[in-house]
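Working notes, beginning with the structure itself.
Number of protein chains: 4
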Amino acid sequence: MTSQRKESVVLLIQCKDRKGIVARVSGFIHDFGGNILDSDHHTDEETNDFLMRMECSTEGLQIAPDQISEAFAPIAKVFEMRYEVHQTSRRTRVAMMVSKQDHCLADLLQRHRRDELRIDIPLIISNHDTCANWADLFKIPFAVCPVTKETKPEQERHVVSLLREQRIELVVMARYMQILSAEFLARVGCPVINIHHSFLPAFIGANPYRQAYERGVKIIGATAHYATQDLDEGPIIEQDVIRVGHRDTVDDLVRKGRDLEEIVLARAVRRHIERRVLVYGRKTVVFD
Amino acid sequence: MTSQRKESVVLLIQCKDRKGIVARVSGFIHDFGGNILDSDHHTDEETNDFLMRMECSTEGLQIAPDQISEAFAPIAKVFEMRYEVHQTSRRTRVAMMVSKQDHCLADLLQRHRRDELRIDIPLIISNHDTCANWADLFKIPFAVCPVTKETKPEQERHVVSLLREQRIELVVMARYMQILSAEFLARVGCPVINIHHSFLPAFIGANPYRQAYERGVKIIGATAHYATQDLDEGPIIEQDVIRVGHRDTVDDLVRKGRDLEEIVLARAVRRHIERRVLVYGRKTVVFD
Amino acid sequence: MTSQRKESVVLLIQCKDRKGIVARVSGFIHDFGGNILDSDHHTDEETNDFLMRMECSTEGLQIAPDQISEAFAPIAKVFEMRYEVHQTSRRTRVAMMVSKQDHCLADLLQRHRRDELRIDIPLIISNHDTCANWADLFKIPFAVCPVTKETKPEQERHVVSLLREQRIELVVMARYMQILSAEFLARVGCPVINIHHSFLPAFIGANPYRQAYERGVKIIGATAHYATQDLDEGPIIEQDVIRVGHRDTVDDLVRKGRDLEEIVLARAVRRHIERRVLVYGRKTVVFD
Amino acid sequence: MTSQRKESVVLLIQCKDRKGIVARVSGFIHDFGGNILDSDHHTDEETNDFLMRMECSTEGLQIAPDQISEAFAPIAKVFEMRYEVHQTSRRTRVAMMVSKQDHCLADLLQRHRRDELRIDIPLIISNHDTCANWADLFKIPFAVCPVTKETKPEQERHVVSLLREQRIELVVMARYMQILSAEFLARVGCPVINIHHSFLPAFIGANPYRQAYERGVKIIGATAHYATQDLDEGPIIEQDVIRVGHRDTVDDLVRKGRDLEEIVLARAVRRHIERRVLVYGRKTVVFD
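Chains as they are written, first to last, in the numbering used here: chain A, 16 to 303; chain B, 16 to 303; chain C, 16 to 303; chain D, 16 to 303.
Spelled out as structure tokens, the structure:
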């Protein structure tokens, strides 16, 4: 996946399936002297949705990357495509939202510092000040936005304004323990990735580890998904699991789950940042 | 786990926790000259349930294995224990119930032939004749008991009578696609293990692979559990999972799931047969 | 992966990387009215090897599938490609080779009967007669070719002649416990897939489960690879693993390993049959 | 596993197997009014080694925990046991050794801060100053002990003296990229846990990710083991694995491996700290 580290352009395309799309798009790239590094597509045969990701090197490309989108418009029109052009050299601007538990935040910040992820993090937002030390350590602005039932609409408007000021392109809920309102999601203007601490759709809602403990499952999981208005129902990006046994208390599930949450969330963020995820209906296509 | 292959006796115990149980039980074994091969116990701190499995060699044991149960009764009385004594040299009499899909049945029969499991299979029951060839191949009596909505009570009574005639000690639903009635379960007189083709509690009920496909999960699972009156709510014995992706159709999930179902069911049966599973409440303790 | 079930053609291509390959190949398909169902490629940046798999529907294709190879030749010449055209409707002719242990053979035969794999199995070869019952059950010719140190050259020549008579396109060593000579591999005329009962490159050679037991590993594995002259050094197609513990004896490792061997071998065969595997150097690319 | 959080005493025992050990030891606990929380043992039937872990509550115990060892001596003599008594309320004194890569160190420090592990970390030793910031953040003394081929004997003596000064009971090599000499291991006076970045015994020695890449394996692993004189040959405590594919470069393997290394090392340290690991020969017994 180090193709990301070369200067390259990713084209994400979505339309109804018909003949000739791949040939037309790869011909477009070829006409501008581009070298296709990676290309993958998927057709959902039940819905006839066509989804595609094509990554090409900018080396020798005879068009400025920021003009590709316009140049591609006529093809998109023919096939009635929704599409997006992304330059991998451009770092995605990511805001973290967090409550008191810091493990997912700390994990992402360390991956960021190791330059595992092509992102900038201009902002961390929290309803508590517990995680301020991490913001200090990594020298990232930290906005404490407390919230109560009464102040929630106002707090959310404030959060949206902070996100917009910073031109945030992705919000990561790194264990932000508040439910975002439909209004917030409508106004936020960028995707929001959430980590849910269960193997969805099992154990929706509060206290999933307690629920898992009481049901006596032998495996627990974590799920990263795009936040939508329907709580824990958003399109799933990544899941993973770990074995548990009768000796594990709820606290043990919480502890084992933390490792899962970190890893699953980090994988989901990575895939999103590399523009490997396309959403259609309630589902995702992930081009690894 | 080859301790099973030596002549040994397994003692399964369940009671409320208090001091001295382990010392008392191991003293009992020691007094008869028994050598403890394996010993494990668990205390549920929320419910104060104590559950124990002790396996001892019969070599040098100064009591006939079939008299242990009686000899142990006074201790059981003191601690108000429920207990069970099992000689591992005694093969458990298992009946298979199956519908049209044969993979779990075929898998268990092959494990049986390789002598992986200390069982006898005196009976296979099916509501169809599709799997008769496997019964023929392994020379096992095969009872076709067709069932319709109307004939279900009668069919179940007939099945129970067949199981009793054969003194069956464990019923394995190897993809038997009928819901057993509460009456059947009350009258069957032995445990019933079922394999559900999902990662419970996700996707309870019909067509779990179709449900999983539509939800867009990234991992599917299978769950072996004891059948209870509440469909798919019985105590879980074993679960396992496998990754799926957007290219997998429902048929692919079914195909990948088959491997899981076989393995998960076989592990559950093995553990039950070796008397490694204790049920309390909705949960199991599995002493591996 | 049910795209395999539609009538389709797979094009496998290998050459040194340069610009325009994807555009040229997808243009070729498009010119004949083909619809690209699936397309994936990989460039090894260290070696500059380019490897590609393209699958297109035959529906509406304005060229007979068996003429594609000839029509493609000029393009292949320009890029100095090695290539292969495969019609997915054509069943691959597979021979099984087996010794005394039957689990991998039985597993593949059952998958075959369920039509999981688009193959014909016109021949099972064994150095023993132990597995004859499976051949009988599935009505497949079974050739017993005993082998000793002295008769090995002769036996191998006989096996090659049997394979050729049946126009075998893939040999699957389903726990055939003989080392194939370099001469055999040179003369067999088709790929040979072997299952090794360890996580290669750990525990090369004889008795890998005993080796694993003595080293005290916490996980064991199985590896499916193409057989080459260097024992257990061939390009790896698939691996999988399972946890083991201190209670597991060598026999337990053997038992747990059997499940792994079956699944890993079946996956490797499936991928090969679907023409998803390309070999270069000691490695494979697997386009899932 | 929260039994650790109660005040309890762990008894670790090792001897040749004979009858009556379990009864004798549990009787010993019972005589002092102890309640056995957890008890597990294992007999290696090939070597006749008996290994046991018994954990009992100190609540109501009629002997001071620090006198148990002496009181147990007569029993140990009869059975010729090696044994160890550990009070779980006593935090184990752990020193970290690290080079330039900080991920395992940072991970363990965060687990420490969350109080996942009952340890004190009075000392971090490194041959570089790269990780000093973590020591600062967690306010732990950081000793830079540079090493060259020439100064190695002297540096190791210095390290041993630092460890002794701090009465260290466990050394954790959290990616310390120096080979410890036999002399160091003989003089260190406590166990040393190392994390090797491969699935041992595959890819012993330098650059295991590069080796794995070149061999084309489909799964990579990490292994935590006790350091012994034979490099990468020490008794294995824990292993885990992750899938890789042809798209993964060596850098990707390194990145994926980091997550594995952290988790595998943390599990090994946890098990050691909870006195769940017993070493015999080249192997371990891990009582989970």
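The beta carbon of each residue, even a glycine, is placed where N, CA and C say it ideally should be.
Here the structure is a predicted model, which means the values were calculated and not measured.
query, result
"Check whether the segment 191-209 of chain D and the segment 124-131 of chain D touch, using three or more Cβ-Cβ pairs below 8 Å as the test.", "no"
"Quick one: does Q254(B) have its CB under 8 Å from some CB of chain A?", "yes"
"Let me check one thing: in DSSP terms, what residues is Y295(D) bridge-paired to?", "K298(D)"
"Just the chain A side, please: which residues come within less than 8 Å of A217(B) by C-beta, in chain order?", "F214, L215, P216, A217"
"Does DSSP put Q125(C) in a helix, in a strand, or in coil?", "helix"
"T73(B) versus chain D: which residues are under 9 Å apart at the beta carbon?", "Correct list: empty, because the minimum Cβ distance to chain D is about 13 Å."
"In this structure, how does DSSP classify Q19(C) when only helix, strand and coil are distinguished?", "In this prediction, Q19(C) scores a pLDDT of 42, lower than 50, which makes its location untrustworthy; the coordinate-derived value is nonetheless stated afterwards. If DSSP states are grouped into helix, strand and coil, Q19(C) belongs with the helices."
"State the Cα-Cα distance for the pair D81(D) and R39(D), rounded to the nearest angstrom.", "20 Å"
"If we call anything under 8 Å between Cβ atoms a contact, is I219(D) one with D255(D)?", "no"
"Identify the continuous beta strand (DSSP E) that holds Q226(A) and give its terminal residues.", "Counting along the chain, Q226(A) falls outside any beta strand (DSSP E), though it belongs to the alpha helix (DSSP H) covering 223-230."
"How about D151(D) and V109(D): do their beta carbons lie closer than 8 Å?", "no"
"Kindly identify the DSSP beta-bridge partner or partners of Q170(C).", "The partner list for Q170(C) (beta bridge, DSSP) is empty, contrary to what the question assumes."
"Using the C-alpha atoms, what's the distance from I235(B) back to R258(B)?", "6 Å"
"Figure out for me which residue from N209(A), V294(A), H261(A), K298(A) has the closest Cα to the Cα of A281(A).", "N209(A)"
"Need the endpoints of the beta strand (DSSP E) that P137(B) sits in, please.", "134-141"
"Is L152(D) close to chain A, meaning its C-beta is less than 8 Å from at least one C-beta of that chain?", "yes"
"On the DSSP letters alone, give me the boundaries of the alpha helix (DSSP H) that N63(C) sits inside.", "Neither: N63(C) is in no alpha helix (DSSP H) and is coded neither H nor E."
"Indicate whether at least one CB of chain C lies closer than 8 Å to the CB of K34(A).", "yes"
"Taking only beta-carbon positions, decide if A38(B) is within less than 8 Å of chain D.", "yes"
"In terms of residue numbering, what span does the alpha helix (DSSP H) encompassing V37(B) cover?", "36-46"
"Give, in chain order, every residue of the segment 138-165 of chain D whose Cβ lies closer than 9 Å to some Cβ of chain C.", "none"
"With 7 Å as the C-beta to C-beta threshold (strictly closer), list the residues of the segment 281-301 of chain C near chain D in chain order.", "R297, K298, T299, V300, V301"
"Look at L123(A) and V187(A) and say whether their C-beta atoms are less than 8 Å apart.", "yes"
"Cutting at 6 Å between CB atoms, please list the residues of its own chain near H211(B), excluding the five before and the five after it.", "T238, D247"
"Does the beta carbon of E131(B) sit closer than 8 Å to a beta carbon anywhere in chain C?", "yes"
"Give me the chain A residues within the contact set of D274(D), using Cβ-Cβ distance strictly less than 9 Å, ordered along the chain.", "D274, E277, I278, A281"
"E253(C) lies in the beta strand (DSSP E); which residues open and close that run?", "251-258"
"Rounded to whole angstroms, what is the Cα-Cα separation between H143(D) and H57(C)?", "39 Å"
"Using a Cβ-Cβ cut-off of less than 9 Å, give me the residues of the segment 56-67 of chain B that come near chain D, in sequence order.", "H56, H57, T58, E60"
"Does DSSP put F218(C) in a helix, in a strand, or in coil?", "coil"
"What does V24(C) pair with, by DSSP beta-bridge criteria?", "C71(C), Q102(C)"
"In terms of residue numbering, what span does the beta strand (DSSP E) encompassing H261(A) cover?", "Element bounds for H261(A): n/a, residue is neither H nor E."
"Mapping DSSP to helix, strand and coil, what is G204(B)?", "coil"
"Determine the closest residue to G260(B) out of E229(B), Q244(B), R285(B), R286(B), with distance taken between C-alpha atoms.", "E229(B)"
"Thinking S84(A) and G49(A) are a contact (beta carbons under 8 Å), I'd like their distance in whole angstroms, please.", "Not really, about 14 Å apart at Cβ, beyond 8 Å."
"Return the residues of the segment 116-128 of chain C that lie within a Cβ-Cβ distance of less than 8 Å from chain B, sorted by chain order.", "H118, A121, Q125"
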